[in-house]
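Presented below is the structure to which this report refers.
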Amino acid sequence: MKKKKRNNWPLIVTILAFTISLLFSFMSESVMPKVGIIVGIMILILFIFIGIIFDMIGVAVTSSNEEPLHAMSSKKIKGAKKAVSFKKNADKVSSFCNDVIGDICGIISGSAGVSVAKGLASTFNLNIFYTGLIVTALIAALTIGGKAFCKRIAIDNNHKIVYMTAKVISKFEKKRNRLSLLI
20 MKKKKRNNWP LIVTILAFTI SLLFSFMSES VMPKVGIIVG IMILILFIFI GIIFDMIGVA
80 VTSSNEEPLH AMSSKKIKGA KKAVSFKKNA DKVSSFCNDV IGDICGIISG SAGVSVAKGL
140 ASTFNLNIFY TGLIVTALIA ALTIGGKAFC KRIAIDNNHK IVYMTAKVIS KFEKKRNRLS
200 LLI
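Under the numbering used here, the residues of the sequence shown are numbered 20 to 202, in order.
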């Protein structure tokens, strides 16, 4: 009788979400109050952009097929093995990209938006209530609009996106492995 494999993914993803959220929140909360409005807006846009990019990767992995990735792997194309692994674990990759990183970026961009709204209101003598409403609406519009725009791109270019992501991750893994050999 074959043993049933335990699914530890929900626990792992919960711990990952907590850790990454703590790290992103710490960075946002410690940096945002100390920077000017322009830098604050740039950080806010960066969080929105990261959320959109990771959403695109999650959609691409989910909508891709294994066959073209296997063909690339059989030709020994760098990063193709990792791309196959991404597709075989599409549920986990998609959950990490869309739910963990995407949702955390959404939450952090909201809290960063509060800092931006406070900065705008105090610098330009604006009503904080209305400034907060407008900043929140802009964050939501940019996030949702950006994700909607990129979903079609992700579906139409899923193999390219999966492969490019896998290639980047493979390079980081190789560097990490080289460093561990030195230590």
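Note that CB positions come from ideal geometry on N, CA and C, so glycine has one too. All figures in this text were calculated on a predicted structure; none of them were measured in a lab.
Residue i burial status per 10 Å Cβ neighbour count (16 or more: buried)
{"i": "F105", "result": "buried"}
{"i": "S141", "result": "exposed"}
{"i": "Y149", "result": "exposed"}
{"i": "L41", "result": "exposed"}
{"i": "L65", "result": "exposed"}
{"i": "M61", "result": "exposed"}
{"i": "V154", "result": "buried"}
{"i": "I76", "result": "buried"}
{"i": "I31", "result": "exposed"}
{"i": "L152", "result": "exposed"}
{"i": "D74", "result": "buried"}
{"i": "I261", "result": "Residue 261 lies beyond the stretch modelled for the chain, which goes from 20 to 202, so this question has no answer here."}
{"i": "I202", "result": "Because I202 carries a pLDDT of 49, less than 50, the predicted location of this residue cannot be relied on, and the following value inherits that uncertainty. I202 should be labelled exposed."}
{"i": "K95", "result": "exposed"}
{"i": "K19", "result": "Not covered by the structure: residue 19. The range shown for the chain is 20 to 202."}
{"i": "I72", "result": "buried"}
{"i": "N240", "result": "Absent from the model: residue 240. The displayed extent of the chain is 20 to 202, so no value can be given."}
{"i": "N27", "result": "exposed"}
{"i": "K166", "result": "buried"}
Cβ separation of residue i and residue j, assumed to be a contact under 8 Å, to the nearest whole Å
{"i": "L88", "j": "V181", "result": "7 Å"}
{"i": "G164", "j": "I120", "result": "That pair is no contact at about 19 Å."}
{"i": "F43", "j": "I127", "result": "5 Å"}
{"i": "K82", "j": "N177", "result": "Here residue 82 is Ser; the residue named in the question, Lys, does not match the sequence. Going by Cβ atoms, the distance from S82 to N177 rounds to 5 Å, so yes, they are a contact pair."}
{"i": "G59", "j": "S134", "result": "6 Å"}
{"i": "V78", "j": "I188", "result": "Not a contact, Cβ separation roughly 17 Å."}
{"i": "I123", "j": "I39", "result": "6 Å"}
{"i": "S7", "j": "A131", "result": "Residue coverage of the chain in this structure runs from 20 to 202, which leaves residue 7 outside it and unanswerable."}
{"i": "T184", "j": "G125", "result": "Not confirmed; about 20 Å, so no contact."}
Query raised in the report: With contact counted as at least three CB pairs below 8 Å, one residue from each stretch, are the region 86–100 and the region 145–162 in contact?
Result: no
Query raised in the report: If you scan the region 29–109 from start to end, which runs of the alpha helix (DSSP H) of 4 or more residues do you find wholly inside it?
Result: 56–82, 85–93, 99–107
Query raised in the report: Are there three or more Cβ pairs, one per stretch, closer than 8 Å when the region 49–57 is compared with the region 110–119?
Result: no
Report task. Please list the segments of the alpha helix (DSSP H) lying wholly inside the region 128–170, counting only runs of 4 or more residues, in order along the chain. Result -> none
Query raised in the report: How do the region 81–95 and the region 129–141 stand: do at least 3 beta-carbon pairs fall below 8 Å, yes or no?
Result: no
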